[in-house]
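Peer 1:
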Amino acid sequence: MFSIASAAYSVGIFSLVVIYSKTALGIGLDGPFLKFIAASTTLRASAFRSTLFTMVGFLFSLSLSTFLKEEGIIRWLESAPTFIVSVLALVRYKYIMNLATALIYS
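With our numbering applied, the sequence shown closes on residue 455, and no number is skipped along the way.
#1: Among Asn447, Ala449 and Lys443, which has the Cα closest to the Cα of Thr403?
#2: Okay, do the region 386–397 and the region 358–365 touch, 3+ Cβ pairs below 8 Å being the bar?
#3: Among residues of its own chain, excluding the 5 on either side of Ser435, which ones have a beta-carbon nearer than 7 Å to its beta-carbon?
#4: Just the C-alpha distance for Tyr369 and Thr400, rounded to the nearest angstrom, thanks.
#5: Expressed to the nearest angstrom, what Euclidean distance is found between the alpha-carbon atoms of Leu378 and Tyr358?
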């Protein structure tokens, strides 16, 4: 449930920021756009964190679901690769977010 709520939060924030940003740029309001982007930095940062939490929640849920669906040795044979791929995916997600923070937002 946390993953769904977190996703709804980040989608809402990003949608509103995109709508208002494109509106401002589309009608030539570059100055107000820059002020809007600067003023919404904290909200956008929290939405990025929320996106990461959403991905963590989804991958954890996927791994746990795979583990709980079987019994015995099959449980481990099916869930181990899912868990390993999930951890690798999270490491890559975090790398991309850190890269964007360093190159775009600093």
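For every residue, glycine included, the Cβ atom is placed at its ideal position computed from N, Cα and C.
Peer 2: On the basis of the data shown:
#1: Lys443
#2: yes
#3: Leu408, Leu411 and Ser412
#4: 20 Å
#5: 27 Å
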